[in-house]
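In the order they appear, the protein sequences are chains A and B.
First residue of the first sequence: 1, per the numbering used here; consecutive thereafter.
First residue of the second sequence: 1, per the numbering used here; consecutive thereafter.
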Amino acid sequence: MRTSEHLAAAAGHLAALLREGQHDLVEEPDLGPAVEARDRVAAGLAQALRTVLDQLDALGGHHDAVEAAAPLVPALLACARSAPVVPPGSLPTSGAAAEWVAAASEVEAAARQASQVGPTSATDLRAAGVDLATLAGALADLDTDLTAAVPTAGAPRSDPQARERLQRHARVAVTALDGADLPDQYHLAPPVLGVAPVTEAHLIPIALRRVRVLLDRSPGLTAPQHAAVAMELARLAHHLRRRLGPRPGTDAALRRLTNAYLGLAHVWNAITHVRGLGPGSWDAPAQLHAINRFLTARPEVGLIDAQVVSRLTALASRIAAEFDRAQSREHWAAAYQDATGRMAWAPLWPDYGPASRGETPAVSDLVSAEVHLAGHAVHEIWHDRNLPVEGYRLGDPIEDRRIGSPYGVAELTRIRIALDATIAAGRGLQTTLGSALPDSARSASATATARQVLPASTAVVPVAGLTAVPQRVIAVRRPSDLPDGLNRLAALLRGTSDLSPLSLAQWRQIARTVAVAAQHTGQALYRAGHPAPAAALVEQARLLAEVVQAVPKATSTGRGRCLPLAEAQQIHRQLASLRQAGISLEPTHALAMASALPMCMQALADSAHRTNATSARLQAEVTTSGLSPVSARLATLTWTTRPATPTVAGIHRVVAAPQRRGRLR
Amino acid sequence: MTTPSTYPESPPRAQARAMLTWVLGNDTCDVEERLAAGDALAALRDGVPAGMVLAPVAEMPGSLAEVRRLLEDAAGLETSVRGTIAVSLALRHLRRAAPPSP
């Protein structure tokens with residue numbers, strides 16, 4: 001028999017143990033052979049895996065996979081040694097012990113075979129490695145069952161942490177050995193490093209805080225990782241509920257929280273048109289699993305206290321925040337039908353953000369709208385009135401085509417609604433337990449509204465005229481993104497009502513970026529044969545640069561609102577990289593930027609004007625800090641029509657003309 | 001961008017997954033059962049090779065007992081070590097949620 005056949009036979013025996021359990025091991029004489037065979041399985045898997053990894057390493061070119069899988073060998077050996085030595089017993093009489101012994105024989109045969117055959121192809125070696133790592137992962141579960149099946153005093157109890165490590169290393173090894181030929185390394189799960197053991201009840205709040213940190217540090221969880229987090233939180237809420245006893249209000253609140261997390265897990269399991277583009281991290285689910293494992297093993301521990309509840313409920317918001325962060329990093333891809341009707345995938349770009357999250361859901365219609373910005377109908381808003389429903393756009397990075405993914409958007413909407421339901425349920429629990437939050441009364445309607453909204457997501461009605469205040473920054477990764485970045489910058493500036501002298505330095509940086517963008521755009525348009533708009537933009541850039549120079553630098557003592565600056569930095573980086581590479585803007589992009597720039601300038605001027613007009617306190621500071629001349633200068637630039645000075649409206653007209661006539665060369 | 005291929009799932013396994021998804025999302029079901037359904041779904045998903053995705057399934061009402069029967073059928077149809085172990089792990093989760101009477 002070949003190695004793979006021995007492994008398949010071993011898998012058959014171990015699978016039977018997984019399916020049927022090991023309860024018939026209660027017969028004392030069979031315990032010894034079963035435990036001994038378990039150790040033989042672990043040692044045999046370790047030996048075979050070591051051989052396979054050695055041979056794979058010798059072939060060259062598989063260093064990363066070998067390095068990722070190597071820790072599984074000592075983890076297997078540690079698991080084998082973790083149980084007390086049981087003297088070999090007689091021949092097994094129970095089914096479970098017989099399966100263990102048969103599995104051990106097959107694994108040992110596979111190990112011998114692997115070492116005798118010598119080097120083979122990388123594909124075969126990787127396949128054998130995946131099988132071995134899969135069996136190693138199953139061994140951890142089988143070991144748990146073996147321990148549970150024999151609860152008598154003196155029975156062998158292996159180390160739960162060793163099993164935990166074994167499972168983690170097995171997962172990493174499987175994915176590392178599996179993904180040989182895939183160009184995107186999204187599948188390679190990184191090792192779990194940051195999990196703290198939970199061995200006492202008082203460590204649970206600390207572990208929950210650690211989960212929060214792990215979520216904040218996450219590079220963007222994948223759908224399975226999100227599902228795992230939701231499952232573990234549901235299990236934890238369920239543990240709390242069982243420990244709390246009959247307290248009607250709290251019991252109902254905890255049941256609602258459990259259901260909300262299960263609902264979230266359901267959504268993550270049900271979606272198929274959205275997937276993460278990175279490896280994510282299993283740290284947070286592993287840390288939560290450690291808590292639940294402790295609680296499962298210690299049913300007598302009573303742990304309900306304010307700290308645990310507070311941290312459990314706060315995690316709902318952190319998960320939602322993690323999801324938001326991942327969107328802004330373009331972590332998600334959605335499926336769409338390409339021109340030939342085949343399903344393809346493209347990264348999701350975050351577009352118009354949610355409506356105010358705090359508002360009570362009132363209407364259950366999902367609607368979308370084409371928003372015309374400077375002649376481009378490129379933005380699609382998905383909006384459920386007051387429900388925080390996201391809107392997205394897909395960008396094809398090669399052809400710069402805009403494509404839509406209705407299924408992807410519908411699934412993201414479901415995720416968002418499920419996330420909100422967990423937040424609402426968490427607030428409800430906190431209110432019930434006495435730490436009231438002011439807006440907790442909303443909790444009741446979120447789930448009900450979600451149910452109403454979901455069926456509507458398949459029947460989307462386009463409507464006109466929707467507006468939304470963006471909450472996110474668009475990543476500008478290529479020149480073709482610059483117009484969208486400028487549009488977003490204008491929208492973010494319009495949403496900023498608090499420009500103050502404290503944030504003057506930010507305003508200065510943003511204005512400088514806009515000036516540089518206008519300069520670049522003007523030069524590109526001039527080269528493309530559009531001298532009139534080019535001259536207008538260059539002139540506007542010059543005037544804006546003068547204003548920037550006049551803004552005092554010494555007033556930078558606070559942070560202000562960071563979103564516009566973040567968008568400006570995206571634009572600045574792209575422009576700087578173009579300049580360093582000596583690359584000019586393409587005429588198409590320059591025209592689109594020229595359409596967006598007047599809005600940016602208008603928004604800049606408006607923000608300065610708002611500040612001067614609305615705050616007496618700021619006015620005083622403005623006077624002392626020297627903003628007044630700047631504001632006046634901006635007013636000259638933007639609100640007064642003078643023949644000699646290009647205005648934003650004038651630029652708009654000049655730029656739009658060649659576009660309408662299709663004169664672009 | 002890489003387009004993931006669809007994992008060739010046996011009909012009983014796909015049907016079991018459809019029922020498990022329904023149980024997980026149905027808040028009239030017992031919480032223990034829903035937790036077991038979620039764990040079983042995770043086990044099935046973990047058995048899918050990198051670069052492949054599970055095909056969409058329409059959720060189907062069913063009991064965990066029906067799911068167990070389907071997965072036992074599916075276990076006999078699995079040809080790979082990973083598939084065999086994945087289905088068996090899913091069954092293990094369901095067994096632990098409702099252990100068979102002695």
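The C-beta atom is built at its ideal place from N, Cα and C for all residues, glycine as well.
Here the structure is a predicted model, which is why all the values come from computation and not from measurement.
Integer Cβ distance of A:Ala534 from A:Tyr526, believed to fall under 8 Å: Residue 534 of chain A sits at position 534 when you count from the first residue of the first sequence. Residue 526 of chain A sits at position 526 when you count from the first residue of the first sequence. Cβ atoms of A:Ala534 and A:Tyr526 come within 8 Å of each other, at about 4 Å.
The region 316-333 of chain A touching the region 217-234 of chain A, judged by at least three CB pairs closer than 8 Å: They touch, by the three-pair rule.
For A:Ser94, three-class secondary structure by DSSP: Stepping through the first sequence from its first residue, residue 94 of chain A is reached at position 94. Note: A:Ser94 maps to coil in three-state DSSP.
Inter-residue Cα distance where the pair is A:Ala667 and A:Arg293: Nothing in the structure corresponds to residue 667 of chain A, since chain A is present only between 1 and 665.
Where the beta strand (DSSP E) containing A:Val274 begins and where it ends: Residue numbering aside, residue 274 of chain A sits at position 274 when the first sequence is read from its first letter. Run containing A:Val274: 274-276, per the beta strand (DSSP E) assignment.
The region 171-178 of chain A in contact with the region 57-71 of chain A per 3-pair CB rule at 8 Å: Touching, yes.
Distance, A:Ile583 Cα to A:Ala576 Cα: As a position in the first sequence, residue 576 of chain A is number 576, starting the count at 1. As a position in the first sequence, residue 583 of chain A is number 583, starting the count at 1. If you draw a straight line from the Cα of A:Ala576 to the Cα of A:Ile583, it comes to about 10 Å.
Buried or exposed (CB count within 10 angstroms, at least 16 for buried), A:Met343: Counting from one through the first sequence, the residue named residue 343 of chain A turns up at place 343. Under this definition A:Met343 is an exposed residue.
Closer than 9 Å to chain B by CB, A:Arg50: Mapped onto the first sequence, residue 50 of chain A falls at position 50. With 9 Å as the cut-off, A:Arg50 does not count as an interface residue toward chain B.
Selected residue, minimal CA-CA separation from B:Thr6, among B:Leu24, B:Gly47, B:Asn26, B:Arg34: Stepping through the second sequence from its first residue, residue 6 of chain B is reached at position 6. Answer by Cα proximity: B:Gly47.
Given 8 Å, three or more beta-carbon pairs between the region 28-46 of chain A and the region 102-110 of chain A: They touch, by the three-pair rule.
C-beta atoms of A:Leu25 and A:Leu142 nearer than 9 Å: Locating residue 25 of chain A in the first sequence gives position 25, counting from the first residue. Locating residue 142 of chain A in the first sequence gives position 142, counting from the first residue. One thing to note: A:Leu25 has its Cβ no nearer than 9 Å to the Cβ of A:Leu142.
Contacting positions in the region 241-272 of chain A - beta carbon closer than 7 Å to chain B: Listed by position along the chain: Thr258, Asn259, Leu262, Gly263, Ala265, His266, Asn269, Ala270, Thr272.
Reduced DSSP secondary structure (H/G/I, E/B, other) of A:Trp332: Indexing the first sequence from 1 puts residue 332 of chain A at position 332. It is a strand residue.
Chain B contact for A:Trp507 (CB, 9 Å cutoff): Counting from 1 along the first sequence, the entry for residue 507 of chain A is found at position 507. No, A:Trp507 does not count as interfacial toward chain B.
Residues bridged to A:Ala344 (per DSSP): Counting from 1 along the first sequence, the entry for residue 344 of chain A is found at position 344. Note: A:Ala344 sits in a beta bridge opposite A:Tyr336.
Beta carbon proximity, B:Leu64 to chain A, threshold 9 Å: Locating residue 64 of chain B in the second sequence gives position 64, where the first residue counts as 1. Residue-level contact by beta carbon fails for B:Leu64 and chain A, as no gap is shorter than 9 Å.
CB contact flag (A:Ala668, A:Trp100, <9 Å): The structure shown does not extend to residue 668 of chain A, since chain A spans only 1 to 665, so no value can be given for it.
Which of helix, strand or coil DSSP assigns to A:Thr3: Numbered from its first residue, the first sequence carries residue 3 of chain A at position 3. DSSP, read as helix, strand or coil, puts A:Thr3 in helix.
Whole-number beta carbon distance between B:Ala75 and A:Arg19, since they are thought to touch under 8 Å: What you label residue 19 of chain A is simply residue 19 of the first sequence in a count that begins at 1. What you label residue 75 of chain B is simply residue 75 of the second sequence in a count that begins at 1. About 7 Å separates the two Cβ atoms, so the contact holds.
Inter-residue CB distance, A:Gln327 and A:Val473 (contact presumed, cutoff 8 Å): What you label residue 327 of chain A is simply residue 327 of the first sequence in a count that begins at 1. What you label residue 473 of chain A is simply residue 473 of the first sequence in a count that begins at 1. At roughly 11 Å, the Cβ-Cβ gap does not stay under 8 Å, so A:Gln327 and A:Val473 are not in contact.
Alpha carbon of B:Glu9 to alpha carbon of B:Ala18, nearest angstrom: To locate residue 9 of chain B, count along the second sequence from 1; it is residue 9. To locate residue 18 of chain B, count along the second sequence from 1; it is residue 18. Here the alpha carbon of B:Glu9 sits roughly 12 Å from the alpha carbon of B:Ala18.
Contacts that A:Ala138 makes with chain B (C-beta to C-beta distance below 7 Å): If you number the first sequence from 1, residue 138 of chain A lands on position 138. Within 7 Å Cβ-Cβ: Ile85, Leu89.
Contact the region 189-204 of chain A vs the region 277-296 of chain A: 3+ CB pairs below 8 Å: With contact defined as three or more Cβ pairs closer than 8 Å, the region 189-204 of chain A and the region 277-296 of chain A are in contact.
Contacting positions in the region 286-301 of chain A - beta carbon closer than 8 Å to chain B: With the criterion set as a beta carbon lying under 8 Å from some beta carbon of chain B, the region 286-301 of chain A has no members that meet it.
Residue closest to A:Leu72, alpha-carbon to alpha-carbon, out of A:Ala170, A:Ala581, A:Ala114: Position 72 of the first sequence holds residue 72 of chain A. Just measuring C-alpha positions, the residue of A:Ala170, A:Ala581, A:Ala114 sitting nearest A:Leu72 is A:Ala170.
Three-way DSSP call (helix, strand, coil) for B:Thr6 in this model: Within the second sequence, numbered from 1, the residue matching residue 6 of chain B stands at position 6. DSSP places B:Thr6 in the strand class (E or B) of the three-state scheme.
As assigned by DSSP and simplified to three states, the class of B:Val53: Mapped onto the second sequence, residue 53 of chain B falls at position 53. Correct three-state label for B:Val53: strand.
Below-9 Å beta-carbon distance, A:Thr458 vs any chain B residue: Translated into positions along the first sequence, residue 458 of chain A becomes position 458. Only weak support is given to the placement of A:Thr458: the predicted model assigns it a pLDDT of 27, under 50, and the question is left unresolved by the model.
Euclidean distance between Cα positions of A:Ala34 and A:Cys79: As a first step, residue 34 of chain A is located in the first sequence; it is residue number 34 there, counting from the start. As a first step, residue 79 of chain A is located in the first sequence; it is residue number 79 there, counting from the start. Roughly 15 Å separates the two Cα atoms.
Chain B residues whose Cβ lies nearer than 9 Å to that of A:Pro224: Residue 224 of chain A sits at position 224 when you count from the first residue of the first sequence. When 9 Å is used as the limit between beta carbons, A:Pro224 is near these residues of chain B: Ala42, Arg45, Asp46, in chain order.
Coil, strand or helix - A:Val476 by DSSP: Here residue 476 of chain A refers to the residue found at position 476 when the first sequence is read from its first residue. DSSP places A:Val476 in the coil class of the three-state scheme, outside both helix and strand.
Alpha-carbon spacing of A:Gln578 relative to A:Pro598, whole angstroms: Numbered from its first residue, the first sequence carries residue 578 of chain A at position 578. Numbered from its first residue, the first sequence carries residue 598 of chain A at position 598. The sequence shown places Leu at residue 578 of chain A, not Gln. When rounded, the distance between both Cα atoms is 22 Å.
Whole-angstrom distance between A:Gln430 and B:Ala16, CA atom to CA atom: Along the second sequence, one-based indexing puts residue 16 of chain B at 16. Along the first sequence, one-based indexing puts residue 430 of chain A at 430. Across the structure, B:Ala16 and A:Gln430 are spaced so that their CA atoms are roughly 37 Å apart.
is_contact[B:Glu56, chain A] using C-beta, thresh 9 Å: On the second sequence, position 56 is the one that residue 56 of chain B refers to. Checking the sequence, you will find Pro at residue 56 of chain B rather than Glu. It does: the Cβ of B:Pro56 has a partner Cβ on chain A nearer than 9 Å.
Alpha carbon of A:Leu14 to alpha carbon of A:Ala102, nearest angstrom: Position 14 of the first sequence, counted from the first residue, corresponds to residue 14 of chain A. Position 102 of the first sequence, counted from the first residue, corresponds to residue 102 of chain A. For A:Leu14 and A:Ala102, the distance between alpha carbons rounds to 9 Å.
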